[in-house]
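>
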């Protein structure tokens, strides 16, 4: 059952927690399974990893192990189509897509990931956070398609956490954590906690620093804070929170 945009009764989180927190990572970057999941597993924290089949085929054994260890493997398309406004996406521009072409790509990506890892992706992350296909008068949203194929769809570089009593599962907000120190993340966590919201953080590489990198030191500080009982934070993959909210 899909939650609608109509206001629901106030949502209570499991075991009296004040908020939900999900850690998500895009693109199937090698650093996620080479170093990132080891840190998460050390603290018993599970993340949602949105991947493309061709990005994980070289290290498929490690990705399969991550899934077996409880990390969620989500769909991030096959070709990572974004607006042709990005030069690197010009040969797979969303402006040149149709809903039929997108449906085929997402279904094929699901099937490939099932064959490679043995799981059926339930969650999706929009490449570049962009939710359209076509151009000018032919522009269409592919949010309804994501609604049909997945239990959730996550955006990118959004401004706020998700209000569990008033949300669209096919358009969950995702807030960037790449390049940030814990002190920059903490105000967002406190704000979500005060409101009883669901904060979904998004990143890419996992390491010490660099472009589009979530720092492991920041993650460690964040996890220690989240696991302190006094802060009342439920930290779980997107799939798990989605299932809870749909009950």
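Residue numbers (the numbering used here): 1 to 247.
Just so it is clear, CB atoms sit at the ideal spot from N, CA and C, and this is done for glycine as well.
1) Please tell me whether residue 24 and residue 202 are closer than 8 angstroms, where the distance is taken between their beta carbons.
2) Buried or exposed: residue 19, going by 16 or more other Cβ atoms within 10 Å of its Cβ?
3) Let me know the secondary structure DSSP gives residue 26 once reduced to three states.
4) Which residues in the same chain as residue 72 place their Cβ atom closer than 6 angstroms to its Cβ, once the five residues preceding and following it in sequence are excluded?
5) Measure the C-alpha to C-alpha separation of residue 13 and residue 93 and round it to an integer number of angstroms.
6) Looking at the unbroken beta strand (DSSP E) that takes in residue 72, where does it start and where does it end?
7) In whole angstroms, what separates the C-alpha of residue 98 from that of residue 221?
8) Closer than 7 angstroms: is that where the CB of residue 16 sits relative to any heavy atom of the ligand MG?
9) Comparing alpha-carbon positions, which option in 242, 83, 104 and 207 lies nearest residue 154?
10) Closest by CA to residue 226, which one among 101, 45 and 164?
11) Answer yes or no: do residue 196 and residue 16 have a C-beta to C-beta separation smaller than 8 angstroms?
12) Classify residue 224 as buried or exposed, calling it buried when 16 or more other Cβ atoms lie within 10 Å of its own Cβ.
13) Give the DSSP bridge partners of residue 124, in chain order.
14) Taking buried to mean at least 16 other C-beta atoms within 10 Å of its own C-beta, is residue 37 buried or exposed?
15) Enumerate in chain order the residues of its own chain whose CB-to-CB distance from residue 89 is below 6 angstroms, with the five nearest sequence positions on each side excluded.
Well, looking at it:
1) yes
2) buried
3) strand
4) 48, 237 and 239
5) 40 angstroms
6) 72 to 75
7) 43 angstroms
8) For the structure depicted, the ligand MG is absent and the ligand set is empty, with no information on it obtainable.
9) 242
10) 45
11) no
12) exposed
13) 75 and 153
14) buried
15) 82
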